[in-house]
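What follows is a set of notes on a single structure, which appears directly below.
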Amino acid sequence: MNDLTKIVQDGPVKWFIQSWASRIDCSTGVPCGVLRHFIHQLSQMPLHTPGLNEREAVGIAAGMWLAGKKPLVYMQNSGMLVASNDIGSLLIPCGMDIPFLVTYRGAEGETAPQHFATGAATIPLLNAYGMWHGVLAESNAETLYGECLTGMSATQKPGVILVKRGWTQSKGIAGEVSTSASVETKAPGQIVDLRQPDATLLREEALSAVWQVVPAQVGLISSTGLISRSLFARHHSQNQFYNAGGFGLTSAIGMGFAVSRPEKQIIVVEGDSSCLTNFGNLVSIGHHGPNNLVHVVIDNGAYGSCSEEPSISQSAHFVQTAALMGYQSVYQVNSAQKLSWAVTHALAERKLSLIHVNIQLGGDRNFARPLSMAQNAREFRTQMQ
Ligand SMILES: Cc1ncc(C[n+]2csc(CCOP(=O)(O)OP(=O)(O)O)c2C)c(N)n1
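Note that the numbering used here gives residue 227 to position 102 of the sequence shown, counting from 1, and the numbers run on in steps of one.
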């Protein structure tokens, strides 16, 4: 008897898995041993795209949700605290009703000291966020997922099912579950240098150069700060999603969308600091290799939206890194004309592409903020159907 058969034969687990399996169509997360049987089930579904860390997983889930999917996110509660700002500043204000399956380490009886403080903070955090949450038990295994869905629809927020350590083991489920997959090594992508001597480019010129060549059926997801504010104030359109919270997750959101909707195309526009914040996402994107994603990095060498404090972008080697990670086409530009050309070409070529744009510091700062985040998310989701 394999593990899967054993799970399915095991009363409460069977019912629990059946109840959620019929109401989700994709998943992401970061493993925790306690959840291994659930993760094994989820990895059997057609769309299972794990994150490299819990923040990235939240970004991927947001992208799946924006693509019209019904994702489930799994992680340990320690990781939920890692991603707590992204849950609070991205999922909640955008009204993304995404269920989470979260290991409840640090609950009563915990023996590992590294879980004491995070365990104590878990329920207070969920209460402070006003999120529905419930602890999985034998008595509620058949009904808890339904309760979670009801709770999420009442709050228009994510909901959390907490799973205590030993829950699956206590149901007599033994043995390890293997979910490892073979990994192919990709040939480095092609780098095309289109930089012109003495060219100068400002943020607003660069954003307009991208925006002008994005067709209405292509989605555009932009990063936290002045990039989103400038696009919103000067060029708003319903195929644009502004990642006003979740700093550093813009490309993860784009990837979550891209893997969910291979027939659609998506452009991510983010700053160098945004990209550096979750640099590992280049590895994820290169690994999954969605050919419907064009990733534009607007590099002013600084945290421009703050007080132009220097970033360390010159040490990141975005172009070489992307090419090595599996991006198939990589462009370097420093003029509006070549930028528009590169975006147009990348969309037509339909290859996973990165466009690195050198710009100057400075530019306008007095833009209105995209405040209606839930409306923006809903409209984008509808527009991209
Ligand atoms: C978690 C978190 N940390 C810090 C910030 C503050 N913040 C807003 S925008 C930004 C920098 C954006 O820099 P970059 O992505 O390079 O784009 P630029 O502003 O230079 O166009 C920072 C640090 C934030 N919003 N969230």
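Yeah, the Cβ is synthetic: ideal placement off N, Cα and C, and Gly gets one too.
- Message: Any heavy atom of ligand 1 closer than 7 Å to the beta-carbon of R354?
- Response: Not one heavy atom of ligand 1 sits closer than 7 Å to the Cβ of R354.
- Query: Near R356, which residues of its chain fall below 8 Å by C-beta distance, leaving aside the five closest residues on each side in sequence?
  - Reply: For the sequence presented, residue 356 should be read as Leu rather than Arg. If we look at L356 and ignore the five residues flanking it on each side, its Cβ neighbours are L332, W336, L345, S347, Q365, Y367 and V394.
- Message: Nearer than 7 Å: is that true of the beta carbon of A427 relative to any heavy atom of ligand 1?
- Response: yes
- Helix, strand or coil at N483 [DSSP, three-state]: Residue state, collapsed to three classes: strand.
- From A427 to G259, what does the alpha carbon distance come to, in whole angstroms? 43 Å
- Under 8 Å by Cβ, that's how I've got L226 and L206 pegged, so tell me the actual separation to the nearest angstrom. So it is not a contact: roughly 16 Å between Cβ atoms.
- First and last residue of the beta strand (DSSP E) that includes D397? Where D397 is concerned, there is no enclosing beta strand (DSSP E), although the alpha helix (DSSP H) it sits in stretches over D397 to T402.
- Relative to ligand 1, is the shortest distance from any of its heavy atoms to the C-beta of S347 smaller than 7 Å? Flag unset: Cβ of S347 not near ligand 1.
- Determine, using beta carbons only, whether S353 and P238 come nearer to each other than 8 Å. no
- Query: Tell me which same chain residues have a C-beta within less than 7 Å of the C-beta of R490, skipping the five on either side of it?
  - Reply: L351
- Kindly examine ligand 1 and report whether one of its heavy atoms sits closer than 7 Å to the Cβ of I423. yes
- Message: Tell me the residue span of the beta strand (DSSP E) that contains T236.
- Response: First-last for T236: undefined, no H or E at that position.
- Message: Within 10 Å of its beta-carbon, does G154 have 16 or more other beta-carbons around it, so buried, or fewer, so exposed?
- Response: buried
- Reduced DSSP secondary structure (H/G/I, E/B, other) of P435: strand
- Query: Within the chosen definition, does the segment 232-247 reach the segment 188-204 through at least 3 CB pairs nearer than 8 Å?
  - Reply: A contact is defined here as three or more CB-CB pairs under 8 Å, and the segment 232-247 meets this definition with respect to the segment 188-204.
- Query: Leaving out the 5 sequence neighbours to the left and right, which residues in its chain are closer than 8 Å to G176 when beta-carbon positions are compared?
  - Reply: Taking G176 as the centre and dropping the five residues before and after it, the same chain places the C-beta of T153, G154, V155, A182, V183, G184, I185, A377 and S409 closer than 8 Å to its C-beta, in chain order.
- Item | Buried or exposed by the 16-neighbour rule on C-beta atoms within 10 Å, applied to S460 | buried
- Nearest-angstrom Cα separation, counted from G405 out to F372: 14 Å
- Message: Extract the residue ranges of the beta strand (DSSP E) inside the segment 173-254, only unbroken runs of 3 or more that lie entirely within it.
- Response: 196-201 and 224-229
- Query: Name the DSSP beta bridge partners of V384, please?
  - Reply: V384 is not bridged to any residue.
- Task: Return helix, strand or coil for Q365, following the three-state DSSP convention.
- Result: strand
- Query: How would you label S264, buried or exposed, when you count the other beta carbons within 10 angstroms and need 16 or more for buried?
  - Reply: exposed
- Task: If I'm right that L464 touches V444 with Cβ under 8 Å, what's the distance once you round it to whole angstroms?
- Result: L464 to V444, Cβ: 14 Å. No contact.
- Task: Kindly indicate which three-state DSSP category C151 falls into: helix, strand or coil?
- Result: strand
- What are the residues that DSSP puts in a beta bridge with I316? V455
- Item | Delimiting residues of the alpha helix (DSSP H) encompassing V468 | From DSSP, the alpha helix (DSSP H) with V468 extends over A461 to E474.
- L570 Cβ short of 7 Å to ligand 1 heavy atom set: Residue 570 is absent from the structure shown; the chain starts at 126 and stops at 510.
- Item | Burial state of M170 (16 or more Cβ within 10 Å) | When all chains shown are included, M170 counts as exposed.
- Task: Grab me the residues of G297's own chain with a C-beta within less than 6 Å of its C-beta, minus the 5 sequence neighbours each way, in chain order.
- Result: In this predicted model, G297 has a pLDDT of only 44, less than 50, meaning its place in the structure is not dependable enough to derive any value.
- Whole-angstrom distance between A502 and G220, CA atom to CA atom: 8 Å
- Item | Beta-carbon proximity of S478 to S497, cut-off 8 Å | no
- Message: Can you tell me whether H173 is buried or exposed? The criterion is at least 16 other CB atoms within 10 Å of its CB, across all chains shown.
- Response: With 16 or more other Cβ atoms within 10 Å, it is buried.
- In chain order, what residues of the same chain have a beta carbon less than 6 Å from the beta carbon of G414, not counting five sequence neighbours either side? G451 and L477
- Query: What number of angstroms, rounded off, separates the C-alpha of E388 from the C-alpha of S362?
  - Reply: 21 Å
- Message: Given the structure, does E329 come close to ligand 1, in the sense that its CB is under 7 Å from one of the ligand's heavy atoms?
- Response: no
- Message: For a test of the three-state rule: what should DSSP assign to A502, helix, strand or coil?
- Response: A502 sits in a helix when the DSSP states are folded into three classes.
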